[in-house]
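Student:
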Amino acid sequence: VEPTNNGSERLLRPAVIQRKMTNGYRAMWAAEGEADIRTVVDTARLTSASPFGTILKTVSA
241 VEPTNNGSER LLRPAVIQRK MTNGYRAMWA AEGEADIRTV VDTARLTSAS PFGTILKTVS
301 A
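If you're matching positions, the sequence shown starts at 241 in my numbering and goes up one per residue.
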């Protein structure tokens, strides 16, 4: 285990940039939807799976 949280910070960076570029979300459901999609895509990338294929599996389940 690394003694720093640098890896976690790097994984959060794209979400922070997207939030700043769009001035955040006006509705809580939009923020939660973005978080859900980002979670699935980031997990797929960490496991070397296709993000699109993983989303299709998630939606069809």
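Glycine included, C-beta positions come from ideal geometry on N, C-alpha and C.
At what residues does the alpha helix (DSSP H) containing residue 293 begin and finish?
Tutor: Looking at the DSSP string, the run of the alpha helix (DSSP H) that includes residue 293 is 291-300.
Student: Ignore the nearest five residues each way along the sequence and tell me which others in residue 255's own chain have a CB closer than 7 Å to its CB.
Tutor: Only 278 meet the Cβ criterion.
Student: With the cut-off set at 9 Å, would you say residue 295 and residue 280 are in Cβ contact?
Tutor: Contact: yes.
Student: Within the same chain, show all residues whose beta-carbon is closer than 8 Å to that of residue 251, passing over the 5 residues directly before and after it, in chain order.
Tutor: These residues qualify, in order along the chain: 282.
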